[in-house]
Amino acid sequence: MAQSDRPTPGVLSLRQAIEERAPDSSKGSLLGCWLVSGSVSVARAIASTQKLDFIVIDAEHAPTDVRLVDDLIKAIRLCSLGRTAALVRLPSQAVEWIKWALDAGANGIIVPRIDSVQEARQLVSNARYPPIGDRSFGPFSAPLAIPADAGSTTKGVLEYFTQEAPNVVVLPQIESRGGLEHVDEIIGLEGISGAFVGPVDLRLSIGLSPMPPALDKYEPTWSEAISRVMDAARKHGKVVGTVTDGTQQMIADISKLGFRFISTSTDLFAVAESVALSATQARAASV
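Going from the sequence shown to the numbering used here is simple: count from 1 and add 55.
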């Protein structure tokens, strides 16, 4: 994404940026990475580059705990000076995890396996304060995640309630046949920010192999599934996100499909690739 298209620092930036990135948006995609190492040091290092729009802390498929998630949220937001949003991919739909992540100061949550509109309504109820939802009040450490120079005037929990809470991002994962069948109803709910496609689980759920035959060749069933998600997102003016392998070709291809919230790598892959490239260059130079 061009530097001029990047959201500016501040508590409203992620929500505002997402609202501007429905599938037909001419704005560049929001780009980020998946944090699977659970390392606060790695989170700080990546966030301090201020090159990413978001970092997703994976609490579903990576070993973690509540205290570590709290530390990672604050490391990302503080070390990026508010320029990189911290989201948490929760391990489940449990209300406890929703409260823990948001009360720690996460800019948003990605919630796995939302298969029905009933589950989506419960998600909104748990993640949003009244009158939209029924979230319990207790964001006692959330203000500590807000950089002092990020354009925020938040000073305490009441200010969090009025300034940050209305702007958290709530993304249900569409990764099953049920979620796909009900995607229009799910995305259309007030309080839902868009949808995040879990490509491998969704492919398996609709009877396909984990990966397509080629990056530029999709099966008709898969193309129809993605079109269904994008049609719902266009109808309701909401963003669709997914994960990629980070190659320019794949990012270009899925951007053309309408994805505007894209994870380009994981922290572990990025570290491995960086070390491999550095070693290759060093060996070439030492000959």
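Each residue gets a CB set at the ideal place from its N, CA and C atoms; glycine is no exception. Just so we're clear, the structure is a prediction, and the values are computed from it rather than from any experiment.
On a CA-only basis, which of the options is nearest residue i? Give me that one, please.
i	options	result
Asp-108	Ala-117, Asp-79 and Ile-73	Ile-73
Leu-199	Val-225, Ala-159 and Glu-219	Ala-159
Glu-75	Ser-248, Ala-337, Ile-309 and Met-305	Ser-248
Leu-69	Thr-217, Pro-194, Val-224 and Ser-81	Val-224
Val-166	Gln-71, Leu-142 and Pro-185	Leu-142
Ser-318	Gln-173, Thr-139, Val-121 and Leu-127	Thr-139
Arg-144	Leu-323, Ala-331 and Leu-127	Leu-127
Gly-137	Ala-203, Gly-301, Gly-253 and Phe-251	Ala-203
Val-150	Ala-130, Ala-175, Lys-129 and Ser-135	Ala-175
Gly-246	Gly-301, Pro-194, Leu-178 and Val-212	Leu-178
Ile-187	Ala-197, Trp-155, Ala-156 and Asn-222	Asn-222
Arg-168	Leu-157, Asp-113 and Pro-227	Pro-227
Ala-114	Ser-171, Ser-96 and Ile-164	Ile-164
Asp-300	Ser-135, Glu-328 and Pro-194	Glu-328
Thr-119	Lys-129, Pro-146 and Ala-130	Pro-146
Mind checking which residues open and close the alpha helix (DSSP H) that includes residue i?
i	result
Ser-341	322-341
Thr-276	275-291
Ile-153	150-158
Asp-125	121-134
Leu-145	Counting along the chain, Leu-145 falls outside any alpha helix (DSSP H), and DSSP gives it neither H nor E.
Leu-178	172-182
Ile-306	303-312
Val-212	212-218
On the premise that residue j lies in contact with residue i, defined as a C-beta separation below 8 Å, what is that separation, rounded to the nearest angstrom?
i	j	result
Leu-123	Gly-93	6 Å
Arg-258	Pro-78	In fact, because the Cβ distance is near 20 Å, the residues do not count as touching under 8 Å.
Ile-229	Ala-288	Rounded, the Cβ-Cβ distance is 10 Å, inconsistent with contact.
Ile-110	Gly-83	No, Ile-110 and Gly-83 are not in contact; Cβ-Cβ is about 18 Å, not under 8 Å.
Asp-239	Lys-290	7 Å
Leu-90	Ile-112	5 Å
Asp-322	Val-97	5 Å
What are the boundary residues of the beta strand (DSSP E) that includes residue i?
i	result
Ala-77	Note, Ala-77: premise wrong, no beta strand (DSSP E); not H, not E.
Arg-99	From DSSP, Arg-99 is part of no beta strand (DSSP E) but of the alpha helix (DSSP H) over 95-103.
Thr-297	294-298
Phe-109	109-113
Val-91	Run containing Val-91: none; DSSP gives neither H nor E here.
Ile-165	163-166
Leu-199	Segment: none, Leu-199 is in no beta strand (DSSP E) and carries neither H nor E.
Val-225	224-229
Any heavy atom of the ligand SAM closer than 8 Å to the CB of residue i?
i	result
His-291	With respect to small molecules bound, the structure shown includes none, and the ligand SAM cannot be examined in it.
Start-end ranges of the alpha helix (DSSP H) lying completely within the segment 231-267, minimum 4 residues: 232-236, 238-243 and 254-260
Cβ contact (3+ pairs, closer than 8 Å) linking the segment 282-289 and the segment 261-274: no
The segment 328-340 / the segment 97-104 touching (three or more Cβ pairs under 8 Å): no
Segment contact flag, the segment 249-268 with the segment 230-239, C-beta cutoff 8 Å, min 3 pairs: Contact between the segment 249-268 and the segment 230-239 is established, with three or more Cβ pairs separated by less than 8 Å.
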